[in-house]
Every structure is written in C-alpha cells, then in structure tokens.
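Visitor: I have a structure here, written as structure tokens, and I will follow up with some questions on it.
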Amino acid sequence: MPEPCPFCAGTRVEVVEVDVGAWMVECLECHATGPVGKSTAGAEERWNNRQLFPSTGREVERYG
Ligand SMILES: [Zn+2]
C-alpha cells in the first residue's frame, strides 16, 4: 500500500494508470503525484521512497 501523502498527510492515495504500462500514485486530496513506475508496485515503491524527479529536483509534481 502507498504511504500517506507527504504534502497533506492524506491517506486517500491511489495508484492510477497514466499510460499503457505506466503507473503513478496520486493523492486524491491534494492531487500530488509521485514518480511514474512500470507497474503498480513500482509506482508505490517510488512514492514510498520519495524518489526525486531528475529534471526538477522536486519530490512530486502537482497538476496545474
Ligand atoms: Zn496530498
């Protein structure tokens, strides 16, 4: 299971498929999203590990 959101501490987080074979964890409360993984387990692992985005250095990206 994904850990609570690092921004709002919300526990309503969900793994969503963003593309074919591409998954990421999204917080349903503040809509923060985690890194994309190649599987649900991969996306959860990256969310839980708070892996940084190489391009931005930010922990997670938000929708506009
Ligand atoms: Zn959140």
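Residues 211 to 274 (my numbering) make up the sequence shown, in order.
Idealized CB from N, CA, C, for every residue including glycine.
Which residue's Cα is closest to the Cα of Thr-221: Gly-231, Met-234, Trp-233, Leu-238?
Guide: The sequence position of residue 221 within the sequence shown is 11, counting from 1. Cα-wise, what sits closest to Thr-221 is Leu-238.
Visitor: Starting from Glu-224, follow the beta strand (DSSP E) in both directions and report where the run begins and ends.
Guide: For the purposes of this step, residue 224 is identified with residue 14 of the sequence shown, where counting begins at 1. Start and end: 223-229.
Visitor: Just the C-alpha distance for Pro-212 and Lys-248, rounded to the nearest angstrom, thanks.
Guide: Position 2 of the sequence shown, counting from 1, holds the residue named residue 212. Position 38 of the sequence shown, counting from 1, holds the residue named residue 248. Taking the straight line joining both Cα atoms gives about 15 Å.
Visitor: For Ala-253, is the beta carbon positioned less than 8 Å from some heavy atom of ligand 1?
Guide: As a working note, residue 253 is residue 43 in the sequence shown. No, the beta carbon of Ala-253 sits no closer than 8 Å to any heavy atom of ligand 1.
Visitor: For Phe-217, which option in Val-226, Glu-255, Ala-251, Ala-242 has the closest C-alpha, if you only look at C-alpha atoms?
Guide: Locating residue 217 in the sequence shown gives position 7, counting from the first residue. Selected option, being the one with the closest Cα: Ala-242.
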